[in-house]
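For reference, the structure discussed in these notes is given below.
Residue numbers (this note's numbering): 23 to 193.
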């Protein structure tokens, strides 16, 4: 559940209703671009801020309104990020997607340099795909490959056994 409010500066804030602000620990890295933006050391076009997330316009957008949602805890990859910093990421992304006013959009999150992560701090892109200009926005190739059912079964059993052995990591 998300609670919201407006600060004295007029900025709209979202906060997980069940997480007390004093409980949220932050971790930042002095050399991290996004940590500097969150701290206000680098200016941004801030859209929304919550106790655990910060959202702003991308300065190198793929389309008009391309925005980022960044957890306030510095973690390079999603699996390094404490779960409490993910609580409001998608609700914030949804609000931004609705405000962008385009019915088609991508929400993208990359992990690692070879997976196209440019800034080593977990972040989520909300990228509008305008109907009137299909060349704007994210261009994705989907090089699906056929896979034998026995190979799929083997992969399923491998992943499922790891999830069953450690259910808390599956949540």
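All residues carry an ideal CB built from backbone N, CA and C; glycine is no exception.
Work out the CA separation of residue j and residue i for me, nearest whole Å.
| i | j | result |
| --- | --- | --- |
| residue 131 | residue 111 | 11 Å |
| residue 136 | residue 120 | 31 Å |
| residue 183 | residue 174 | 14 Å |
| residue 51 | residue 150 | 30 Å |
| residue 72 | residue 167 | 41 Å |
| residue 53 | residue 103 | 18 Å |
| residue 61 | residue 87 | 22 Å |
| residue 188 | residue 164 | 31 Å |
| residue 109 | residue 81 | 25 Å |
| residue 78 | residue 133 | 20 Å |
| residue 63 | residue 185 | 40 Å |
| residue 129 | residue 65 | 24 Å |
| residue 126 | residue 105 | 28 Å |
| residue 172 | residue 122 | 44 Å |
What's the call for residue i, buried or exposed, on a 16-neighbour Cβ count within 10 Å?
| i | result |
| --- | --- |
| residue 74 | buried |
| residue 49 | exposed |
| residue 153 | exposed |
| residue 170 | exposed |
| residue 114 | buried |
| residue 67 | exposed |
| residue 92 | buried |
If contacts are defined as beta-carbon pairs under 8 Å, then residue i and residue j qualify, I think. What distance do you get, rounded to the angstrom?
| i | j | result |
| --- | --- | --- |
| residue 90 | residue 147 | 6 Å |
| residue 117 | residue 70 | 7 Å |
| residue 55 | residue 141 | 5 Å |
From the options, pick the residue whose C-alpha is nearest to that of residue i; which is it?
| i | options | result |
| --- | --- | --- |
| residue 22 | 81, 102, 109, 76 | Residue 22 is absent from the structure shown; the chain starts at 23 and stops at 193. |
| residue 96 | 58, 81, 122, 150 | 58 |
| residue 101 | 170, 144, 171 | 144 |
| residue 124 | 155, 67, 80 | 155 |
With three or more C-beta pairs closer than 8 Å as the rule, is the stretch 175–186 touching the stretch 156–163? The way I'd put it, the stretch 156–163 doesn't touch the stretch 175–186; fewer than three beta-carbon pairs between them come closer than 8 Å.
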